[in-house]
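First residue of the sequence shown? That's 1 in our numbering, and the numbers climb one at a time after it. Heads up, the beta-carbon is just placed ideally off N, CA and C, and yes, glycines get one too. Just so you know, these numbers come straight off a predicted model, no measurement behind them.
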Amino acid sequence: MVLLSVFQHGLRWGLNKRLGGDEWPDAASSVIYAAETEETNSSDSHCPLVHINTAGMAELQTLPGIGPIYAERIIIERKEQPFREKQDLLRVKGIGEKRLAQLMDLICLYYEK
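Dropping the structure here:
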């Protein structure tokens with residue numbers, strides 16, 4: 001769990017650097033960085049996070065709380081209809097608000113328009 005926290009903080013720092021900042025972001029500001037990144041990367045295949053619409057089984061399973069069963073459910077659901085907003089993951093059986101909150105800063109959206 002500690003490694004995941006360090007990894008997430010490093011991701012936020014990398015996103016901050018990409019957006020032109022030099023300082024480590026605090027937890028409160030990470031929401032802003034995630035929102036800015038989502039806007040710039042929602043149609044960009046170069047997002048440094050996990051692409052929820054294109055990630056394979058193995059990559060999906062790197063997300064906290066996502067094992068093989070949830071990864072398979074995500075893949076099946078996105079084949080029926082791509083996720084257009086992060087909240088669309090709530091369509092996946094077993095993913096509720098709590099699990100979605102764990103994923104918000106780790107995923108991005110990419111889909112063919």
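Taking Ala71 as the centre and dropping the five residues before and after it, the same chain places the C-beta of Met57, Leu60, Gln61 closer than 6 Å to its C-beta, in chain order. Residue nearest to Ile95 within the set Gln81, Cys47, Pro64 is Pro64 (criterion: CA-CA distance). Around Lys86, the same chain offers Glu38, Ile52, Leu100, Leu103, Met104, Ile107, Leu109 as residues with beta carbons nearer than 8 Å, after the five sequence neighbours per side are excluded. Counting only residues of its own chain and dropping the five nearest sequence neighbours on each side, Thr54 has a CB closer than 7 Å to the CB of Tyr110.
Listed in chain order, the beta strand (DSSP E) runs fully inside the stretch 41-104 amount to none, counting runs of at least 3 residues. Rounded to whole angstroms, the gap between the alpha carbons of Leu90 and Pro48 is 23 Å. 8 Å or more divides the Cβ of Val50 from the Cβ of Arg73.
Separation of Gly67 and Gln81 (C-alpha to C-alpha, rounded to the nearest whole angstrom) is 21 Å.
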